[in-house]
Amino acid sequence: MSIFGPLWLSVQLAFATTVILVLVGTPVAWWLSQTRTRWKPVVQAVVAMPIVLPPTVLGFYLLILLGPDGAIGSWWVQLTGSALTFSFTGLVIASCIYSLPFAVQPIQNAFESLPKHYLERAWTLGASRLDAFFSVAVPLSLRGFVSGIVLSFAHTLGEFGVVLMVGGNIPGETRVISIAIYDHVESLNYTAAHQMSLLLVGFAFAVLATMFVINRRWSER
Amino acid sequence: MSIFGPLWLSVQLAFATTVILVLVGTPVAWWLSQTRTRWKPVVQAVVAMPIVLPPTVLGFYLLILLGPDGAIGSWWVQLTGSALTFSFTGLVIASCIYSLPFAVQPIQNAFESLPKHYLERAWTLGASRLDAFFSVAVPLSLRGFVSGIVLSFAHTLGEFGVVLMVGGNIPGETRVISIAIYDHVESLNYTAAHQMSLLLVGFAFAVLATMFVINRRWSER
Amino acid sequence: MIRLRHKLTKGDFTLDVDIEVPDVGITGVFGESGSGKTSLLRCIAGLEREQGLPVHKRNVGYVFQDPGLFPHLSVRGNIEYGERRATTHRVDGKLVVDMLGIGGMLDRKPASLSGGEAQRVAIAAALMRSPDLVLMDEPLASLDRKRRDELLPYFDRLHEELSVPVIYVSHDIEEISRLCDHLVLLDAGKVVASGRLVDVLSRVDMPVLSGRNAGVVIWASPVDHEDGLTKFDFGDGDIWAPGSFPMSGVPLRLRVAASDVSISRDQPTSTTILNILRASVEEVHAVDAATALVRMGVGNQSLLARVTNRSVQRLELKAGDRVFAQVKSVTVRH
Amino acid sequence: MIRLRHKLTKGDFTLDVDIEVPDVGITGVFGESGSGKTSLLRCIAGLEREQGLPVHKRNVGYVFQDPGLFPHLSVRGNIEYGERRATTHRVDGKLVVDMLGIGGMLDRKPASLSGGEAQRVAIAAALMRSPDLVLMDEPLASLDRKRRDELLPYFDRLHEELSVPVIYVSHDIEEISRLCDHLVLLDAGKVVASGRLVDVLSRVDMPVLSGRNAGVVIWASPVDHEDGLTKFDFGDGDIWAPGSFPMSGVPLRLRVAASDVSISRDQPTSTTILNILRASVEEVHAVDAATALVRMGVGNQSLLARVTNRSVQRLELKAGDRVFAQVKSVTVRH
Amino acid sequence: NVAVASNFSRAAAELAEQFEAETGLAVRLSIGSTGKLYAQILNGAPFDVFLAADTARPARLERSGHAVAGTRFTYATGSLVLWSRSARDCLAALTDDGAGHVALANPETAPYGKAAVEFLATAGYWESVSARAVYGENINQALQFAATGNAAIGIVARSQLTAPQLPAATCTWVVPAASSTGLEQQAVLLQRAADNANALRFFEFLGTDRARATIRRHGYELAR
Ligand SMILES: Nc1ncnc2c1ncn2[C@@H]1O[C@H](COP(=O)(O)OP(=O)(O)OP(=O)(O)O)[C@@H](O)[C@H]1O
Ligand SMILES: Nc1ncnc2c1ncn2[C@@H]1O[C@H](COP(=O)(O)OP(=O)(O)OP(=O)(O)O)[C@@H](O)[C@H]1O
Ligand SMILES: [Mg+2]
Ligand SMILES: [Mg+2]
């Protein structure tokens with residue numbers, strides 16, 4: 365088993381998850397930051413729920429939900445003809461659900477601490493709500509995005525409970541590096557585990573440090 | 365096995381972890397938000413590292429580190445006479461390490477988006493740095509604290525990889541609810557698993573929603 | 008005319024406005040701190056309650072009381088923000104930048120600007136949007152008089168060259184007198200007066216105007232130049248004012264502050280006061296224990312003089328008296 | 008004396024100040040937008056570079072250009088913030104609150120205040136700290152004239168009753184003339200003049216002062232009351248001004264703006280101008296094509312008059328001439 | 002304190018109950034995977050008895066001195082079962098490429114996984130199965146894959162079939178003991194309990210007939 369195969373798979377998974385989470389989490393965060401509904405705390409709590417369950421347990425429920433008999437899984441099978449579970453797509457979906465709060469919370473915070481004034485200025489300068497959102501709210505909330513990206517990226521790299529459950533540890537398809545390391549530890553293959561851990565940590569460190577350097581450049585005002 | 369025992373243990377663990385993380389994470393976050401050192405991105409990346417490793421693997425390394433032969437563990441044994449691993453204290457330490465980024469990042473973000481002006485005003489009004497920190501920086505960063513608390517609290521409730529490894533699943537001492545649920549799922553005891561999951565989710569939901577409601581009250585300006 | 012009809016309650020404060028203001032020229036909104044000036048502008052811009060056209064379609068240029076530039080954009084980025092989103096481009100960017108003296112700071116970030124510099128950039132940004140209506144909330148409060156004097160003419164041009172109507176909030180009556188054609192007086196959220204500047208200003212019974220703010224505005228055309236001075240003909244007489252103004256036949260506005268006008272029974276001679284006009288007293292209005300406002304007619308024009316009650320007694324001033332109005336200084340708006 | 012010695016570079020801008028200002032009374036700092044006024048105050052407060060005493064031990068009360076109240080505290084909380092941390096308590100909170108007219112908004116949050124209201128709260132907060140030195144950065148720029156006139160006397164009392172020295176930044180020379188004893192002129196980060204207000208103001212060669220800002224300050228004691236007016240004796244003559252001032256023998260300051268002074272060769276009669284002083288021309292300084300500043304001596308006092316060059320020619324004014332100075336209005340500082 | 006491999010957890014719970022009833026001594030079970038428990042024991046876990054899922058790790062513990070030498074014995078032997086809730090014929094499904102995933106435990110970490118692969122290889126099914134195999138962390142997950150319908154067939158432990166809430170199977174097929182080896186599960190007395198009479202008592206209790214009956218009832222074979 366190559367040491368890089370699982371890493372590459374992990375990177376793909378973390379990347380896909382992060383991209384989707386930013387795409388999905390941003391509107392959710394924005395809505396939460398702007399809404400005045402009484403239900404806001406409830407929605408916030410719901411968004412935070414995925415991390416409350418132990419990953420394997422969450423994985424178990426997702427296995428049922430995404431499985432061929434599950435609500436989402438059966439619909440997916442009808443749609444595409446193939447099952448969600450034990451596939452990379454399934455992994456991505458599961459990871460997204462699990463890491464959702466890590467993306468939403470920091471982005472929401474950043475949106476909430478954005479002075480309303482800036483949006484109002486943008487509107488009066490001719491920017492539509494959407495335009496103002498992208499040209500003012502997003503760049504001024506960069507810090508929140510970086511946090512959200514870092515947390516969901518790193519967390520997805522490290523997650524293995526959900527991934528193991530939904531993915532089925534299939535080499536080359538759903539055996540990500542976290543599972544591979546886990547397997548090595550379990551089978552008392554400590555040297556290999558150490559090597560892989562080092563690789564994972566080194567890689568993640570490089571990515572995150574780069575991220576933070578960029579963030580710093582950008583937010584230098 | 366009572367259903368409430370593990371929950372109570374989890375709550376204690378999550379509570380202790382959250383308190384410690386806020387106490388430890390706040391100075392770290394503050395330092396990160398104020399420093400101008402070139403090494404800041406590196407330190408930030410290091411802080412994010414704990415979540416990159418699979419929990420069990422991190423747990424494994426912590427087990428070695430905190431164990432009676434480990435660097436910290438042996439020192440602890442000398443100091444207190446008892447081992448860190450397989451004890452509640454050990455669990456708390458491990459949880460803190462694992463959830464550190466979840467506390468530090470949101471708090472740091474909040475500190476960074478605090479306009480410098482407010483601190484300067486506080487100083488000129490006679491507040492020492494420490495005083496200004498507590499009377500201005502902290503209340504104006506409440507949102508970040510709430511996020512940090514919510515994420516680390518919820519995450520600690522749900523975490524079981526690290527906890528299982530360092531704690532050893534000892535009933536009444538280190539068998540927290542996440543492990544208990546996991547055990548039930550593992551032993552195909554689904555009814556019990558569902559019940560406990562429901563209990564955990566219900567409890568976490570209540571706590572988080574309350575938290576968010578309070579946050580909302582406070583930040584209503 | 009533009010109909011301004013807005014009702015808004017915020018805590019104890021209620022804004023209740025229903026007036027019409029001209030759709031050409033500059034309308035001044037004058038009122039004390041807390042009288043609701045900013046609230047009114049926000050209503051007009053559509054920022055207070057979301058009804059009617061969305062804000063960005065109203066095409067108003069809003070210069071906020073607090074500049075609050077976008078911190079992530081350079082000064083250039085801030086200025087161009089509105090320009091890029093403008094539907095029409097009637098404003099010459101270079102001209103605006105030069106007028107406001109911000110050419111040297113285009114590449115800086117807003118955080119490094121002084122208070123006045125930031126406000127100038129904010130003004131430029133609002134103008135570059137080529138708006139149909141400009142709302143200005145005390146745009147000059149943070150500027151020194153020199154810069155203020157430099158900018159005021161530009162605001163004029165705004166509606167003259169671009170024929171963009173402007174609603175101009177200020178607590179400086181001199182600024183308003185110099186700029187505006189129409190004046191709205193706000194007090195505690197209510198309009199206490201609204202009308203032509205000339206009319207509102209020459210009322211002696213407006214408490215808000217009877218103090219140091221009193222004064223009138225006269226329309227007059229430049230007819231002669233001499234010694235760096237320009238002679239203005241206002242139909243019923245001449246007034247000299249410093250500066251060279253083109254004799255284009257277009258009447259300009261002269262602000263004559265009540266505190267710059269004194270009254271003499273005899274024709275004064277050998278004095279440095281340039282302008283001495285024959286006038287008849289129309290009304291004497293005691294403002295407080297010491298001072299009074301005297302309204303005089305010079306032909307069809309009104310003049311206000313701020314004098315002491317003692318002088319009123321000594322000179323026995325009363326309506327109908329023929330006197331000489333001595334005008335010490337005049338502010339001209341180009 | 009307080010030694011102000013500060014050097015600071017920010018981008019292209021350099022502040023380089025090394026002067027002494029009195030440790031009693033109010034020192035005005037006057038300069039254009041971007042001249043470095045705020046930078047100077049920040050240096051004095053210790054906010055620019057961390058050296059010497061930490062900021063909170065300097066016990067300076069800083070009223071920032073932009074109020075920036077603490078959003079998490081009510082108005083009351085904002086005001087009490089400094090008070091709670093004060094080492095001495097020399098300021099009567101109730102008095103401050105009443106003076107600033109903010110009693111009615113104590114329980115509101117800063118976000119709901121108008122621009123001027125917020126600034127008043129910020130002033131109160133800085134004063135309640137009972138500081139040893141007060142730094143004010145254009146504290147009145149966002150206030151209307153009425154409120155300004157109400158507040159100015161209170162700033163006076165600040166150093167009179169509490170003997171707290173004040174450094175007061177403003178771009179409004181009238182405000183400065185009315186308040187300050189000492190004046191520092193800043194231009195592009197350098198001090199171009201620093202000295203007693205009276206001396207700096209009567210210089211006719213300061214470009215920054217020769218425009219509409221020119222004027223002098225005269226110290227004079229109230230000696231008589233009549234018709235709501237007070238008669239001031241300045242040693243070399245009398246001046247009447249509106250208002251009742253206690254005849255305590257303490258000299259007060261009268262600001263006489265150059266634009267309020269005209270010159271006559273003959274003694275004027277039957278005019279509403281109350282104050283006519285015998286004076287001798289000391290210096291005639293052409294400011295621009297149209298206008299000139301004339302410095303006259305009235306006994307030992309200087310007076311400035313802003314007149315047109317044409318009048319100078321017509322009246323053939325030159326140094327040494329005996330003339331009558333007509334003073335239309337006078338601002339008194341209590 | 003007894004460390005129990007997770008596949009034996011239900012049996013162990015019942016044993017503990019019996020033991021408690023008999024002796025009045027409380028038993029605390031810590032359940033985990035054999036690998037995890039092994040790592041924990043090496044790092045000072047407070048366990049007295051280790052009921053592993055294999056023979057290798059108890060042997061290693063004995064060698065490294067973490068376990069009391071000579072106490073190691075096989076307390077149960079597992080056997081493999083093919084289990085499905087959709088296939089008519091379990092064996093046929095193994096060769097039917099279109100039947101869907103085959104769930105088994107990870108052969109690298111779990112003895113049941115290793116045994117399953119051995120069985121598949123020797124019986125000639127591996128070629129067909131390898132492409133559709135999904136691996137659970139342990140034998141329990143393999144069963145969950147099958148039980149939730151995500152895998153068409155699971156190769157699981159017979160002991161698991163006694164689980165209370167298992168859906169009805171459409172077919173089960175017990176793999177003959179000869180086709181799978183290495184499913185012996187051994188117990189050792191750990192070093193820290195060398196002088197612990199209570200631990201010793203529990204350890205001995207495992208060898209009693211009552212205990213053996215219970216173990217058997219949970220689907221394990223027992224060497225005489
Ligand atoms: N949320 C609120 N709750 C209560 N009162 C409010 C609120 N928002 C604004 N006000 C009050 O509304 C009034 C009008 O405010 P506005 O900002 O329009 O005044 P303004 O005329 O612009 O004053 P300034 O010259 O000081 O800027 C003020 O008295 C203010 O205190
Ligand atoms: N970070 C910086 N980089 C470059 N220039 C700066 C920076 N910060 C301040 N400046 C410049 O320093 C000068 C002084 O600023 P300061 O705020 O002291 O002016 P000011 O006299 O208070 O002006 P105003 O009356 O407009 O408030 C300004 O010209 C400003 O552009
Ligand atoms: Mg306002
Ligand atoms: Mg400034």
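Protein chains in written order, with the numbering used here: chain D, 365 to 585; chain V, 365 to 585; chain H, 8 to 341; chain B, 8 to 341; chain L, 2 to 225.
Where a beta carbon is used, it is the ideal one built from N, C-alpha and C, also for glycine.
Note that the structure is a prediction, hence the values are computed from the model and not measured.
Burial state of residue i, where buried means 16 or more other Cβ atoms lie within 10 Å
i               : result
A378 of chain V : buried
Q320 of chain H : exposed
G122 of chain B : buried
F424 of chain D : buried
F368 of chain V : exposed
T208 of chain B : As written in the sequence, residue 208 of chain B is Leu, which differs from the Thr given in the question. The residue is buried, with at least 16 neighbouring Cβ atoms inside 10 Å.
R585 of chain V : A caution first: R585 of chain V carries a pLDDT of 45, below 50, which makes its placement in the model unreliable, though a value can still be read off. Exposed is the call here.
M365 of chain D : Reliability fails at M365 of chain D, whose pLDDT of 49 lies under 50, so the model's placement of it is uncertain and the value that follows must be treated cautiously. With fewer than 16 other Cβ atoms within 10 Å, it is exposed.
A458 of chain D : buried
R12 of chain H  : exposed
Bridge-paired residues (DSSP) for residue i
i               : result
Y175 of chain H : H:G35, H:M143
S271 of chain H : H:F331, B:T278
A200 of chain H : H:L192
L259 of chain H : H:A227
Cβ-heavy atom distance, residue i to ligand 2, below 7 angstroms
i               : result
G122 of chain B : no
D73 of chain B  : no
D114 of chain H : no
S40 of chain B  : yes
G108 of chain H : no
S149 of chain H : yes
S119 of chain H : yes
Chain B residues whose Cβ lies nearer than 8 angstroms to that of residue i
i               : result
I150 of chain H : Residue identity differs from the one stated: residue 150 of chain H is Leu in this sequence, not Ile. Within 8 angstroms Cβ-Cβ: S40, H178.
Contacts of residue i in chain D (Cβ-Cβ under 8 angstroms)
i               : result
E205 of chain L : The premise fails here: E205 of chain L is roughly 29 angstroms from chain D at the closest Cβ pair, so nothing lies under 8 angstroms.
Y39 of chain L  : L552
Under 9 angstroms by beta carbon: chain L residues contacting residue i
i               : result
M529 of chain D : G137, E138, Q142, Q145, F146
Where residue i meets chain D, residues with beta-carbon distance less than 7 angstroms
i               : result
L521 of chain V : V416
Chain-ordered neighbours of residue i on chain L, where CB pairs are closer than 8 angstroms
i               : result
L371 of chain D : Neighbours of L371 of chain D on chain L: none; closest Cβ ~18 angstroms, over 8 angstroms.
beta-carbon residue i near ligand 1 non-hydrogen atom, thresh 7 angstroms
i               : result
H178 of chain H : yes
F517 of chain V : no
Under 9 angstroms by beta carbon: chain H residues contacting residue i
i               : result
H481 of chain D : F71, D73, G75
Closer than 7 angstroms: residue i CB and nearest ligand 4 heavy atom
i               : result
D144 of chain B : yes
Contact test: residue i Cβ vs ligand 3 heavy atom, cutoff 7 angstroms
i              : result
T45 of chain H : yes
Proximal chain D residues relative to residue i, where beta-carbon distance stays under 9 angstroms
i               : result
T209 of chain L : Neighbours of T209 of chain L on chain D: none; closest Cβ ~32 angstroms, over 9 angstroms.
Below-8 angstroms beta-carbon distance, residue i vs any chain C residue
i               : result
L236 of chain H : Going by chain labels, chain C is absent from the structure shown, which instead holds the protein chains D, V, H, B and L.
Practice prompt. Give, in chain order, every residue of the region 173–197 of chain B whose Cβ lies closer than 8 angstroms to some Cβ of chain H.
Written response: From the region 173–197 of chain B, only H178, D179, I180 have a Cβ closer than 8 angstroms to chain H.
Practice prompt. Output, in sequence order along the chain, the residues in the region 22–37 of chain L whose CB is closer than 9 angstroms to any CB in chain D.
Written response: Interface annotation for the region 22–37 of chain L against chain D: S34, T35, G36, K37, criterion Cβ-Cβ distance under 9 angstroms.
Practice prompt. Determine which residues of the region 124–137 of chain H have a Cβ less than 7 angstroms from any Cβ of chain B, and write them out in chain order.
Written response: Under the 7 angstroms Cβ criterion, the region 124–137 of chain H contributes E124.
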